[in-house]
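Q: Counting from 27, one number per residue, gives the positions in the sequence shown under the numbering used here.
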Amino acid sequence: MTTLVFRFFIFWYICGLILLTFDLLPVWLEWANTVFLLTAGGIAGIYFTQLYGYLKGIFYSVCIIIISMYVEHLGVTYNFLFGSYEYGNNFGLKLFDTPITIGFAWLLVIGCSHELARGITLAFKQKKRRMNFVLIAGLITVTMDLILDPVAYRIKHYWIWEDTGSYYGIPISNFTGWFLLACLLHGLSLFFLKEKRSAGQLWERRMQLTFGLINLMFITIALTGKLYLAALLVGLLTVFWYSLYYWRVRTYAQDKEKLGD
27 MTTLVFRFFI FWYICGLILL TFDLLPVWLE WANTVFLLTA GGIAGIYFTQ LYGYLKGIFY
87 SVCIIIISMY VEHLGVTYNF LFGSYEYGNN FGLKLFDTPI TIGFAWLLVI GCSHELARGI
147 TLAFKQKKRR MNFVLIAGLI TVTMDLILDP VAYRIKHYWI WEDTGSYYGI PISNFTGWFL
207 LACLLHGLSL FFLKEKRSAG QLWERRMQLT FGLINLMFIT IALTGKLYLA ALLVGLLTVF
267 WYSLYYWRVR TYAQDKEKLG D
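Dropping the structure here:
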């Protein structure tokens with residue numbers, strides 16, 4: 027069943043990549059954005075159930091959705107944390123002026139950054155690992171937003187910024203807000219999900235792949251929309267995080283093998 031969900035996500039991703047990149051998505055098909063975000067968030071939710079167990083994984087996923095939506099509601103209503111902005115009508119049903127799908131979008135980016143930060147910090151000592159895991163995961167989350175926000179704002183007009191900033195008109199407070207909220211959401215796992223176990227190579231690879239696919243989609247759209255700086259910056263950062271991840275995971279596996287010998 028979980029494999030079918032992932033295959034559907036890949037199919038929907040390919041359709042979205044073509045339609046969004048070449049601006050072929052008709053008005054009557056805008057509900058496809060909602061399906062994509064719900065499915066992508068579901069992929070991350072499955073990953074967490076594989077990593078932490080069924081009940082804990084679901085509980086953690088629900089916490090991410092609820093907390094992120096509440097903080098986004100505070101942002102829309104009171105300009106809290108991110109700056110002054112409002113959402114358009116591209117994400118389906120809203121709850122207190124915040125699309126429900128935004129909670130699933132946060133679940134997606136937290137799932138992707140969770141896996142990469144987990145792999146990067148595998149070999150760290152326990153006390154050192156906890157802090158580094160949260161900080162690195164927060165930075166990886168911001169990396170994704172460095173391409174998500176410019177494309178969503180400048181090209182797709184999914185939301186409107188009333189404040190202005192130096193990065194494609196987006197205020198710096200948005201990125202500091204993303205970092206702080208991401209650190210909070212990742213940090214939650216350290217309190218009630220202490221007995222970590224491997225998610226299995228299959229779902230680890232799937233979350234690695236999802237991180238790259240999401241960045242690739244938005245980088246491609248950014249290039250067609252002439253947001254060259256964002257595309258180059260996030261492209262380089264994506265390569266950096268992947269390189270660091272695979273190096274650390276490989277080193278950790280080699281060290282375990284030597285100890286086993």
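For glycine and all other residues, C-beta sits at the position ideal for the given N, C-alpha and C.
Taking the alpha helix (DSSP H) that Tyr113 belongs to, which residues open and close that run?
A: Working through the sequence shown from its first residue, we reach residue 113 at position 87. Taken as a continuous stretch (DSSP letters only), Tyr113 belongs to no alpha helix (DSSP H), being part of the beta strand (DSSP E) at 111-113.
Q: Is the Cβ-Cβ distance between Leu121 and Ser87 less than 9 Å?
A: The count along the sequence shown starts at 1 and reaches residue 121 at position 95. The count along the sequence shown starts at 1 and reaches residue 87 at position 61. Result no, Cβ atoms of Leu121 and Ser87 do not sit closer than 9 Å.
Q: Is it true that the stretch 271-280 meets the stretch 207-219, where meeting means three or more beta-carbon pairs spaced less than 8 Å apart?
A: Note that the stretch 271-280 does not touch the stretch 207-219; fewer than 3 beta-carbon pairs, one per stretch, sit closer than 8 Å.
Q: Output yes or no for whether 9 Å exceeds the beta carbon distance between Ser139 and Gly164.
A: As a working note, residue 139 is residue 113 in the sequence shown. As a working note, residue 164 is residue 138 in the sequence shown. Yes; because the gap between Cβ atoms is below 9 Å, this pair is in contact.
Q: Could you round the C-beta distance between Ala257 and Ile240 to whole angstroms and report it? I think they count as a contact, below 8 Å.
A: Reading the sequence shown from its first residue, position 231 is the one you call residue 257. Reading the sequence shown from its first residue, position 214 is the one you call residue 240. In this structure Ala257 does not touch Ile240 by the C-beta definition: roughly 14 Å separates them, more than the 8 Å allowed.
Q: Considering only the beta carbon of each residue, do Thr167 and Thr264 sit closer than 9 Å?
A: Reading the sequence shown from its first residue, position 141 is the one you call residue 167. Reading the sequence shown from its first residue, position 238 is the one you call residue 264. Taking C-beta atoms as the reference points, Thr167 and Thr264 fail to come closer than 9 Å.
Q: What would DSSP say about Pro125, mapped onto helix, strand or coil?
A: On the sequence shown, residue 125 is found 99 positions in, with the first residue counted as 1. Here Pro125 sits in strand by DSSP.
Q: Straight-line CA distance for Leu81 to Glu141?
A: Locating residue 81 in the sequence shown gives position 55, where the first residue counts as 1. Locating residue 141 in the sequence shown gives position 115, where the first residue counts as 1. Those two C-alpha atoms are separated by around 19 Å.
Q: Just the C-alpha distance for Ser215 and Leu235, rounded to the nearest angstrom, thanks.
A: Translated into the one-based positions of the sequence shown, residue 215 becomes position 189. Translated into the one-based positions of the sequence shown, residue 235 becomes position 209. Taking the straight line from one Cα to the other gives about 22 Å.
Q: Looking at C-alpha atoms only, which residue of Gln280, Glu56, Leu211 is the closest neighbour of Val135?
A: On the sequence shown, residue 135 is found 109 positions in, with the first residue counted as 1. Per the Cα distances, Leu211.
Q: How about Ala23 and Ile181: are their beta carbons less than 9 Å apart?
A: Outside the displayed range of the chain (27 to 287) lies residue 23, so it cannot be described from this structure.
Q: Just to confirm, are Ile128 and Tyr111 a CB contact at a threshold of 9 Å?
A: Taking the sequence shown and counting its residues from 1, the one referred to as residue 128 is at position 102. Taking the sequence shown and counting its residues from 1, the one referred to as residue 111 is at position 85. For the pair Ile128 and Tyr111, the CB atoms are not nearer than the 9 Å cut-off.
Q: Which one or two residues does DSSP pair with Lys120 in a beta bridge?
A: Along the sequence shown, read from residue 1 onward, the residue named residue 120 stands at position 94. Looking at the DSSP assignment, Lys120 forms a beta bridge with Pro125.
Q: Taking the C-alpha atoms as reference points, what is the distance between His183 and Phe159?
A: If you number the sequence shown from 1, residue 183 lands on position 157. If you number the sequence shown from 1, residue 159 lands on position 133. So the alpha carbons of these two residues sit roughly 33 Å apart.
Q: With a 10 Å radius around its C-beta and 16 neighbouring C-beta atoms as the bar for buried, classify Gly71 as buried or exposed.
A: Within the sequence shown, residue 71 is the residue found at index 45, counting from 1. Buried, because 16 or more other Cβ atoms sit within 10 Å of the Cβ of Gly71.
Q: Roughly how many angstroms separate the alpha carbons of Leu172 and Phe201, rounded to a whole number?
A: The residue labelled residue 172 in the question sits at position 146 within the sequence shown. The residue labelled residue 201 in the question sits at position 175 within the sequence shown. About 8 Å.
Q: Does DSSP put Tyr184 in a helix, a strand or coil?
A: By one-based count along the sequence shown, residue 184 stands at place 158. The answer is coil: DSSP assigns Tyr184 none of H, G, I, E or B.
Q: Could you compute how far the alpha carbon of Ala66 sits from the alpha carbon of Phe35?
A: Counting from 1 along the sequence shown, the entry for residue 66 is found at position 40. Counting from 1 along the sequence shown, the entry for residue 35 is found at position 9. So the alpha carbons of these two residues sit roughly 6 Å apart.
Q: Enumerated in chain order, which unbroken segments of the beta strand (DSSP E) with a length of 3 residues or greater are wholly contained in the stretch 142-203?
A: Counting only runs of 3 or more, we get 185-187.
Q: Name the two residues that bound the continuous alpha helix (DSSP H) containing Met95.
A: Taking the sequence shown and counting its residues from 1, the one referred to as residue 95 is at position 69. Start and end: 80-104.
Q: When DSSP labels each residue in this structure, what does Leu263 get in the three-state scheme?
A: Taking the first residue of the sequence shown as position 1, residue 263 is located at position 237. Leu263 falls in the helix class under three-state DSSP.
Q: Would you check if the distance between the CB atom of Thr60 and the CB atom of Gly118 is smaller than 9 Å?
A: Taking the first residue of the sequence shown as 1, we reach residue 60 at position 34. Taking the first residue of the sequence shown as 1, we reach residue 118 at position 92. It is a contact, given that the beta carbons lie within the stated cut-off.
Q: I believe Thr75 touches Ile84 by the beta-carbon criterion, under 8 Å. Please report the beta-carbon distance rounded to the nearest angstrom.
A: As a first step, residue 75 is located in the sequence shown; it is residue number 49 there, counting from the start. As a first step, residue 84 is located in the sequence shown; it is residue number 58 there, counting from the start. Yes, Thr75 and Ile84 are in contact; Cβ-Cβ is about 6 Å, under 8 Å.
Q: Apart from the five residues just before and just after Asp189, which ones in its own chain have a Cβ nearer than 7 Å to its Cβ?
A: Numbered from 1 along the sequence shown, position 163 holds the residue referred to as residue 189. For Asp189, where only same-chain residues beyond five positions count, the Cβ hits under 7 Å are Gly109, Ser110, Pro197.
Q: Taking the alpha-carbon positions, what's the Ile126 to Trp185 distance?
A: What you label residue 126 is simply residue 100 of the sequence shown in a count that begins at 1. What you label residue 185 is simply residue 159 of the sequence shown in a count that begins at 1. Whole-angstrom Cα-Cα distance: 14 Å.
Q: Residue range of the alpha helix (DSSP H) that Gly42 falls in?
A: Here residue 42 is taken as the residue at index 16 of the sequence shown, counted from 1. That run of the alpha helix (DSSP H) goes 28-47.
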